[in-house]
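Working notes, structure below.
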């Protein structure tokens with residue numbers, strides 16, 4: 014093994030996906046160093062790298078989703094990524110959290126609050142990413158309840174598949190079809 018080049022950026026990618034001839038898309042986590050020196054994940058990160066010059070790779074764009082506690086099954090299962098090479102669109106499931114400052118007995122701390130459970134859909138070009146839309150299997154009431162730590166695990170999207178202009182998202186609770194242009198629900202089949 015020979016190291017041809019390297020790039021130092023905060024965080025890490027636990028999955029790299031090829032894009033066109035000279036690019037990689039990194040999926041992983043942004044990191045922060047706490048006051049006590051500990052390094053923690055601080056959001057789910059998607060990065061575009063230009064590797065046309067192996068000796069001098071470049072980071073073209075980065076999107077960080079959520080805060081500490083945000084998670085995607087893509088981190089441990091690359092099949093969770095849907096990629097349409099004809100349209101340069103990709104989707105992946107993600108559970109997004111935010112940090113809220115709370116006080117207890119005079120001490121202030123941060124608590125992870127779930128804010129979104131579903132899939133993000135991005136377009137990608139050589140210049141970077143554009144968020145096209147978000148898809149969830151939760152209704153508005155369930156999404157609000159998730160902020161109170163009540164998750165409907167059956168509604169957590171595991172896979173996304175595209176056929177024509179429709180994205181089908183699959184969870185243990187059902188299959189939802191969504192129009193890729195308007196990001197409006199076409200139908201939902203409860204399992």
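In our numbering, the protein residues as written are 14 to 204.
Idealized CB from N, CA, C, for every residue including glycine.
In terms of Cβ geometry, residue 20 and residue 30 do not form a close pair [threshold 8 Å].
In the three-state DSSP reduction, residue 65 falls in the coil class, being neither helix nor strand.
8 Å or more divides the Cβ of residue 168 from the Cβ of residue 148. In this structure the region 120–136 lies against the region 91–108, because at least three pairs of beta carbons, one per stretch, are closer than 8 Å. For residue 123 against residue 114, the beta-carbon gap comes to about 6 Å, under 8 Å, which counts as contact.
Residue 48 is positioned such that its CB atom lies no closer than 8 Å to that of residue 55.
When DSSP states are grouped into helix, strand and coil, residue 108 belongs to the strand group. By the neighbour-count definition (other C-beta atoms within 10 Å, threshold 16), residue 166 is an exposed residue.
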